[in-house]
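In the numbering used here, the protein residues as written are 744 to 912. First up is the structure itself, then whatever we jot down about it.
Here it is, written out as structure tokens:
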């Protein structure tokens with residue numbers, strides 16, 4: 744019986760260990776600084792966003808679920824970006840021109856960056872996308888949500904408010 748229980752615990756832990764990306768910052772830890780190469784704007788650093796909570800969406804132009812949720816992220820950003828928190832996107836596309844064409848074509852209003860050397864993809868734990876990462880004002884990872892969502896829905900706005908400790912009206 745003990746062997747069975749040990750095997751069950753190991754099986755439960757193994758997928759998480761396998762799914763981790765190299766250099767991933769886990770929930771509860773602070774993100775390291777990293778370069779951000781803008782798709783439609785200049786270079787920045789991740790640390791430039793310290794001081795307000797941050798919603799980071801990791802996506803790719805070829806990813807159907809990523810494209811599907813982008814509209815709701817944009818509506819969320821148009822309503823709240825820069826006030827209670829910042830919203831940014833990180834494209835994992837191999838070709839910046841494809842990511843830029845998608846952002847411009849979709850009329851996305853929030854800042855988007857290309858992950859040139861997989862630094863952010865690995866640090867954020869984007870073993871699958873879309874991935875949305877909630878970060879506090881000091882850079883600590885609060886929560887990671889895999890899969891597409893309607894981010895401007897009442898349920899997800901409540902999740903954002905509770906996770907980031909902000910009041911959304």
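Cβ coordinates follow ideal geometry from the N, Cα and C atoms, glycine included.
Contact test: residue i Cβ vs the ligand COA heavy atom, cutoff 7 Å
| i | result |
| --- | --- |
| residue 780 | Among the components of this structure there are no ligands whatsoever, and the ligand COA is therefore not found. |
Whole-Å CB distance - residue i paired with residue j, under 8 Å assumed
| i | j | result |
| --- | --- | --- |
| residue 872 | residue 835 | 6 Å |
| residue 884 | residue 777 | About 13 Å separates the two Cβ atoms, so there is no contact after all. |
| residue 832 | residue 860 | So it is not a contact: roughly 17 Å between Cβ atoms. |
| residue 887 | residue 908 | 17 Å between Cβ atoms; not a contact. |
| residue 842 | residue 782 | 6 Å |
For residue i, the first and last residue of its enclosing beta strand (DSSP E)
| i | result |
| --- | --- |
| residue 887 | 884-889 |
| residue 833 | 829-834 |
| residue 781 | 778-781 |
| residue 770 | Looking at the DSSP string, residue 770 is not in any beta strand (DSSP E), and its letter there is neither H nor E. |
| residue 877 | 874-878 |
| residue 789 | Element bounds for residue 789: n/a, residue is neither H nor E. |
Nearest-angstrom Cα separation, counted from residue j out to residue i
| i | j | result |
| --- | --- | --- |
| residue 895 | residue 765 | 31 Å |
| residue 877 | residue 805 | 23 Å |
| residue 797 | residue 879 | 6 Å |
| residue 830 | residue 848 | 19 Å |
| residue 865 | residue 767 | 5 Å |
| residue 756 | residue 763 | Its pLDDT being 43, under 50, residue 756 is placed unreliably by the model, and the measurement read from it follows with that caveat. Whole-angstrom Cα-Cα distance: 11 Å. |
| residue 769 | residue 779 | 20 Å |
| residue 912 | residue 902 | 13 Å |
| residue 904 | residue 874 | 18 Å |
Simplified DSSP assignment, three categories, for residue i
| i | result |
| --- | --- |
| residue 810 | helix |
| residue 847 | helix |
| residue 907 | helix |
| residue 765 | coil |
| residue 854 | strand |
| residue 899 | helix |
| residue 822 | helix |
| residue 841 | helix |
| residue 784 | coil |
Min CB distance residue i to chain C below 8 Å
| i | result |
| --- | --- |
| residue 834 | Structure shown: chain C not included; a single protein chain is present. |
N-terminal and C-terminal residue of the alpha helix (DSSP H) that residue i is part of
| i | result |
| --- | --- |
| residue 862 | 862-867 |
Counterpart residues of residue i in DSSP-defined beta bridges
| i | result |
| --- | --- |
| residue 881 | Per DSSP, none; premise fails for residue 881. |
| residue 912 | For residue 912, which the question treats as bridged, DSSP gives no partner whatsoever. |
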